Each structure stands twice: as structure tokens, then as C-alpha cells.
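One structure is given below, encoded as C-alpha cells.
Number of protein chains: 2
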Amino acid sequence: MSLKKTYSFQIQPQFVDFQFRATMSSLGDILLTTAQFNADDNGFGLRRLNEMDCSWVLTRMAIEMNRFPEQYENIEVETWVEEVGRANTTRNFCIRDAKGEIIGNACSVWVFFDMKTRRAKDLQTLEGIHDFANGEEGLIDKPIKLGAVDGDEYDGFKVKYSDIDINGHVNSIRYIQWISDCFSLSCYRKYQVKRFEINYVHEMLYGDFVEIVGMKVEDNDFRFEIKKDDKIACRARVVLIPNTSTDL
Amino acid sequence: MSLKKTYSFQIQPQFVDFQFRATMSSLGDILLTTAQFNADDNGFGLRRLNEMDCSWVLTRMAIEMNRFPEQYENIEVETWVEEVGRANTTRNFCIRDAKGEIIGNACSVWVFFDMKTRRAKDLQTLEGIHDFANGEEGLIDKPIKLGAVDGDEYDGFKVKYSDIDINGHVNSIRYIQWISDCFSLSCYRKYQVKRFEINYVHEMLYGDFVEIVGMKVEDNDFRFEIKKDDKIACRARVVLIPNTSTDL
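Quick note, the sequences are listed as chains X and S, same order.
Numbering-wise, the first sequence is residues 1 to 248 according to full-length UniProt numbering.
Numbering-wise, the second sequence is residues 1 to 248 according to full-length UniProt numbering.
Listed below in C-alpha cells is the structure:
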């Protein structure tokens, strides 16, 4: 049995930005959908975990894009579980275009979460899941623990109905969108995101006030922090490179 | 040749709200995707129109839901062109669940738009499109012209990167999301949207300040207006009914 599996997607019009390219948040969405499809195929999907009063919680993710797929492009996302530790499990992704060229890679880290105790649960207790870890590293650096950000306020607003997922928390993808929205259209005309890295720290709830602070640590290397009151909701790093599109 | 065609969708986790139900904006998205698939199948899709420096512009839409499909539900959207006038064309939708029961209906009105002159174009000049109009009415009232709203300010914020589509305007679906976000989680626990009706008036651009005003005209009948400065971007009507879910 092969431990790597590939899922196909088409970049729908609602996935693209003003430059016809998939947004980072829609790519994040595709990756989470891929993870869910593959976890279901392996027998460890959310539906099965929910029956055990457990869930998967995404704690870290890194996405690196060489090229952003455009509207109507077909992409293939290959995914596999690299390792299953006691505290978390690492799932990698490789994104290819229709020609088979690698256009991006991603790495995600997940915690096995007990919804009754509201705590992480030892993955040793999830029988059979270790058989799906193939030990194969991804093609990019794993997401690391990001440090505190002492930056300028970029944005502030309240969490709304459409931000909330079935767990009553802000949807993981929304944070990617909020951080992507810290850059202007003219920035996206000149640059594209090479690496987007995120640490999820505390969940945000309906009505919470979102405060986004950011700082430039080096040319083209930005750090962000999303806070509610004194708590950190998430931290992120965004590395830009010049826009590779030739027609701009 | 049948002039009605059906397209299948599955309600993905990112389409649902905190009650596991598809949001109105994700249903709007599915309807626009259906319209696009069917227009492509008929030979009058956006890609072909774009080659002629033309486009479809959605001017009005009404969606009525008897029941909101839940996460992972498979739905079928049947669509057909009712009529093609000189100024606009009407496309209807009927949404069924896996059992074949009708769970919702929608009606959309589109203008054939000349991107060079930035004006509507006579549909008489689009040869062959009239063959696709079957004259069959939809099962709900057509969207009408909504009147001015003299209401309270519900929300205000700036248009951001992720709101902008390939035409450089705010995405049509985003307005549905913004209006849906005017209701609280506790409102959605008690009520659900029976009818969502929207008129698109003026496009909004990156950096525009969005002001949302709303008023209750009758019990469970709300009107909204999204404005930028003195211009109306869109008007909407939202009719609520008690939440039909039995488990709440």
C-alpha cells in the first residue's frame, strides 16, 4: 500500500485574486481539504475522531509557493504523513501543476485533541495511525515556533458570524486571509509570497476584538501577530519575492 | 436538447457555519459557479465573452432556502435560462438534496457588459444565446428593485486585497457575506434566512470605505444598503424565519 496519495483540484474563480492567481488562503483551504480527504481515506478523519469526542487541531503550517496557480488551472496535491509522535503528527504536501511541475510545498503539524477535557491527547492511544507515517520529509523547512512581534498596528475589527467554524472558533483559514489582507494591491503587483508560516496559539471567539500587529524584520520578511486582549491568537511570517509574473 | 442542466456539489467544511449549515454566501458561490459551468456548456461562458472584451455582470439575485444543506451533504443544482431580453437575461436555479427534495430556489439577472465602453450591451448582438432561453419560470419571486434604506449603521471598514476580484472590484459574494455578518450568532440560533435578495448597483474598489446601514421594516424583514461615500454599492433584503433545525 502506498502511503502517499494525490488529490486533484481546479482553481475556481472564487479562489483567485485580482491577478487571476489563487490566494494564499484558498491554497490553505485546498491543503486542509486534502488533509481531511486523506485522513478520511486512512480511517482517521474528523468524522471518526468526532465519534470519539476528539478532533484534529492544526497548530503550525508552512506553505512555500514557486508559482501561484491561476484561475481554472488544474493542480494535484500529493500528501503523506511524515511522522506520528506522542504530541503531534506532521503531514506534508507537494503541489504540482498539470505538467507535473512542482509549484509549491507545504508542511502542517496537528495535535490530537480531546474535546471533553479540552486538552491534547497522546497519539499513542490512537491505534493504527502509526502505520500511516512513512518517515519521508517534505521539500521545505518545517514550520518553527515564531517569536513575539513588537510591531505596528495593521488592522483591528470584531470577529463576525462568517469567521466562526463548527467548533465555535475562528476558522484557521481566516487568519491567513487577515494577514494576507495586510498587504496592498500595489504590493501584490510587485511581490508575491514565497513562504507563509503560521503558528496557531489561542482560539478566537465570536465578538472578540482582533488586533493585528506587524513588523518588517528584514527586507521582504514580515512577522505578524494576531491578538485578542493580552492573548496571542496566532503568529505568522510572510516572506516576499519579486512577482514572477511576466505580464505585469 | 434539454435546456435544463444539473450540476453536483458537496458542501465542504469551509462552506458551513457554526451550525454545520452552508452559509448564504457559500450557496451564492455555488450558484455563481453553476451559472458559469452552464454558460460555458452553452458556449457563452466568461472565457468566451472575455475574448470579445465583454463580460457578464450580475445585477440582481434572490435566493430562498427551505432548508440549509449541512456539511458533507451532496446537493444538485438545476439551472436554466428563462429569458434573454435586450437589456438582461434571467437564469433560474433549483437546489435539491440527495433525496431529490427541493431545499432551495434562486433567480439571477445578468447584464451583458462591454468592457471597453464600460456599458451594458444589447443582448441581440450575442448571436445564438436566445436559443438557450426556455421561458420556464422559477419557483420563487424574481428579485425586484429594492428601495432606499434609511437605517442605522451596522458596520464600517475598508475594502481589502481579498475582497477584490479579477475585474478589480469587490467580489459579488463578498457583499452577501458582509450582510450575513450583520446578524449575530444568537440570531442564527433562533432564526434562519428564508429569502436573501440583492441588487448590485455600483462597484466598490480597493481601499473604498464600506458603510453598511440596515433597518427592520417588519418583524423578520430587514433591508440593508452598502454605501461608499454617497454612492450605493448594493441593496439587500433579508427575510428570517424561525430556525427549522430540531436539535437546537
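The beta-carbon is built from N, C-alpha and C at its ideal position, and this holds for glycine as well.
Keep in mind that this is a model prediction, so the values were computed, not measured.
Judged by their CB atoms, residue 56 of chain X and residue 3 of chain X are not nearer to each other than the 7 Å cut-off. Think of a sphere of 9 Å around the beta carbon of residue 173 of chain X: the chain S residues whose beta carbon falls inside it are 14, in chain order. Setting aside the 5 residues that flank it on each side, residue 15 of chain S is surrounded in the same chain by 22, 23, 26, each with a C-beta closer than 7 Å to its C-beta; the list follows chain order. Under a criterion of Cβ atoms nearer than 8 Å, no residue of chain X is adjacent to residue 191 of chain S; the nearest Cβ is some 12 Å distant.
Residue 241 of chain X: member of the beta strand (DSSP E) spanning 231 to 242, first to last residue.
Annotation for residue 30 of chain S: 9 place their beta carbon closer than 6 Å to its own, counting only its chain and skipping 5 residues before and after. No residue range can be given for residue 86 of chain S, since it is assigned to no beta strand (DSSP E) and is classified by DSSP as neither H nor E. Per DSSP, the unbroken beta strand (DSSP E) holding residue 59 of chain S starts and ends at 54 to 65. For residue 224 of chain S, the secondary structure class from DSSP, reduced to helix, strand or coil, is strand.
A contact is defined here as three or more CB-CB pairs under 8 Å, and the stretch 144 to 162 of chain S meets this definition with respect to the stretch 206 to 213 of chain S. Under the Cβ distance rule, residue 10 of chain S does not count among the residues neighbouring chain X, no pair being separated by less than 7 Å.
In the DSSP assignment, residue 169 of chain S forms a beta bridge with S:205. Looking at X:177, X:48, X:171, the one whose alpha-carbon comes closest to that of residue 203 of chain X is X:171. Judged by pairs of C-beta atoms under 8 Å, the stretch 41 to 51 of chain X does not touch the stretch 60 to 72 of chain X, as fewer than three such pairs exist.
With fewer than 16 other Cβ atoms inside 10 Å of its own Cβ, residue 144 of chain X counts as exposed. Distance from the CA atom of residue 69 of chain S to the CA atom of residue 20 of chain S, rounded to whole angstroms, is 8 Å.
Here residue 82 of chain S is actually not in contact with residue 28 of chain S; their C-beta atoms are around 19 Å apart, not less than 8 Å. Between residue 77 of chain S and residue 125 of chain S, the C-beta gap is not smaller than 7 Å, which leaves the two residues out of contact. The straight-line gap separating the alpha-carbon atoms of residue 38 of chain X and residue 185 of chain S is approximately 32 Å. Taking C-alpha positions only, residue 71 of chain S is separated from residue 188 of chain X by approximately 34 Å.
In the structure shown, residue 199 of chain S adopts extended strand secondary structure according to DSSP, grouped into three states.
Counting other Cβ atoms within 10 Å of its Cβ, residue 235 of chain X reaches 16 or more and is therefore classed as buried. Between residue 66 of chain X and residue 11 of chain X, the gap from beta carbon to beta carbon reaches 7 Å or more.
The C-beta of residue 241 of chain S has fewer than 16 other C-beta atoms within 10 Å across all chains shown, which makes the residue exposed. Contact of residue 181 of chain S with chain X by beta-carbon distance below 9 Å involves 160, 161, 162, 163. When beta bridges are read from the DSSP output, residue 79 of chain X appears opposite X:5, X:93.
Linking residue 109 of chain S to residue 54 of chain S through their CA atoms gives a straight-line distance of about 16 Å. Comparing alpha-carbon positions, the option among X:232, X:201, X:180 lying closest to residue 193 of chain X turns out to be X:180. For residue 28 of chain S, the three-state secondary structure derived from DSSP is helix. When the five nearest sequence neighbours on each side are left out, the beta carbons in the same chain lying within less than 6 Å of the beta carbon of residue 221 of chain S are those of 239, in order along the chain. About 16 Å separates the CB atoms of residue 159 of chain X and residue 230 of chain X; that is not less than 8 Å, and the two are not in contact. Proximity to residue 138 of chain X across X:98, X:166, X:146, X:93 peaks at X:93, based on C-alpha coordinates. Not one beta carbon of chain X lies nearer than 7 Å to the beta carbon of residue 222 of chain S. Against residue 89 of chain S, chain X offers no close residue; the least beta-carbon distance is about 19 Å (beta-carbon pairs closer than 9 Å). For residue 70 of chain S, there is no enclosing alpha helix (DSSP H), as DSSP marks it with neither H nor E. For residue 35 of chain X, the three-state secondary structure derived from DSSP is helix.
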